[in-house]
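Heads up, this note's numbering is the position in the sequence shown plus 84, with the first residue counted as 1.
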Amino acid sequence: HSSNLRIMIKYVGIIFKNVYIMIIFFLILVFVCMRACERERGDRVIVVIQIVTKI
Numbered sequence: 085h086s087s088n089l090r091i092m093i094k095y096v097g098i099i100f101k102n103v104y105i106m107i108i109f110f111l112i113l114v115f116v117c118m119r120a121c122e123r124e125r126g127d128r129v130i131v132v133i134q135i136v137t138k139i
């Protein structure tokens, strides 16, 4: 029974890490887009979008 609990904790940990990385990545992306919009440079936003679509 304890082994099932360990497996569940392991999966929850993996999922949580992935979600955490995605949230950080999204916040960075939003920050970069906001900075680009402030400077009114659309080309920088396009470059960021191209980088994201490559990943």
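Using N, Cα and C, we set each Cβ at its ideal position, and we do this for glycine too.
| Asked | Found |
| --- | --- |
| Whole-Å CB distance - VAL136 paired with LEU111, under 8 Å assumed | Between LEU111 and VAL136 the Cβ distance is about 14 Å, and since that is not below 8 Å, they are no contact. |
| Same chain, Cβ closer than 7 Å to VAL116, neighbours up to 5 away in sequence not counted | VAL132 |
| Cα-Cα separation, LEU89 to ILE107 | 26 Å |
| Neighbourhood of LYS94 by C-beta, 7 Å cutoff - its chain only, sequence neighbours within 5 removed | none |
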